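Chains as they are written, first to last, in this note's numbering: chain C, 1 to 88; chain E, 1 to 88.
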């Protein structure tokens, strides 16, 4: 398989995991049980993978991490709106 | 920052997220609530990132995905042992 195609399929699979979490928060309008720390660590990690992807000219890494970072920042925004602090 | 160092730090951050899940299953000896599908998709994704990393000679991608794949397969093994089917 062409490396770029391989990387893009890999990226689609590891990105898709975040979609149900975003949809769940939108549906329940609740994000009290979401950990700032976990998503904070993952977002910093994705930002660094993106930076690495730019440095080594990897299209799949750049595309994948732009999308995962967007999803993770959406989860942050939704948590800010729907669930700071513990569940009431 | 040196690209390899950047990638290895990125990989450490996105890998570390799986460690608490493994520790939790070992502590509680229960994995009923773990989704085969989510971890299945992630494991196939990690295997493909590993393959992509080999093809493009990326040390950080290879190192990171060997570790995440090992953690994901451990979660599979633990689920096989501690929690097939619904919670009793």
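Every residue gets a Cβ at the ideal spot worked out from N, C-alpha and C, and that includes glycine. Keep in mind it's a predicted model, so treat the numbers as computed, not measured.
In chain order, each alpha helix (DSSP H) run of at least 4 residues that lies wholly inside the segment 52-83 of chain E: 59-82
Let me make sure I understand the geometry here. Which of 21(C), 57(C), 83(C), 81(C) has the alpha-carbon closest to that of residue 3(C)? A check of alpha carbon separations from residue 3(C) across 21(C), 57(C), 83(C), 81(C) identifies 57(C) as the nearest.
Could you tell me the boundaries of the alpha helix (DSSP H) in which residue 4(E) lies? 3-16
Does the segment 74-84 of chain C come within contact of the segment 42-56 of chain E, defined as at least 3 CB pairs closer than 8 Å? no
Keeping to the same chain, check which residues put their C-beta closer than 7 Å to that of residue 37(C); ignore five residues upstream and five downstream. Non-local beta-carbon contacts of residue 37(C) in its own chain, meaning distances under 7 Å to residues more than five positions away in sequence, are absent.
Can you name the residues of chain C whose CB is closer than 8 Å to the CB of residue 13(E)? Going along chain C in sequence order, the residues near residue 13(E) (Cβ under 8 Å) are 41, 42, 44, 45, 48.
Contacts that residue 51(E) makes with chain C (C-beta to C-beta distance below 7 Å): 6
Can you pull the chain C neighbours of residue 71(E), defined as C-beta to C-beta under 7 Å? Here the premise fails: no neighbours, minimum Cβ distance about 13 Å.
Of all the options 32(C), 47(C), 10(C), which has the alpha carbon lying nearest to the alpha carbon of residue 78(C)? Considering only alpha carbons, the answer is 32(C).
Between the alpha carbons of residue 70(E) and residue 80(C), how many angstroms are there, rounded? 34 Å
Could you check whether the Cβ of residue 10(E) sits closer than 8 Å to any Cβ belonging to chain C? yes
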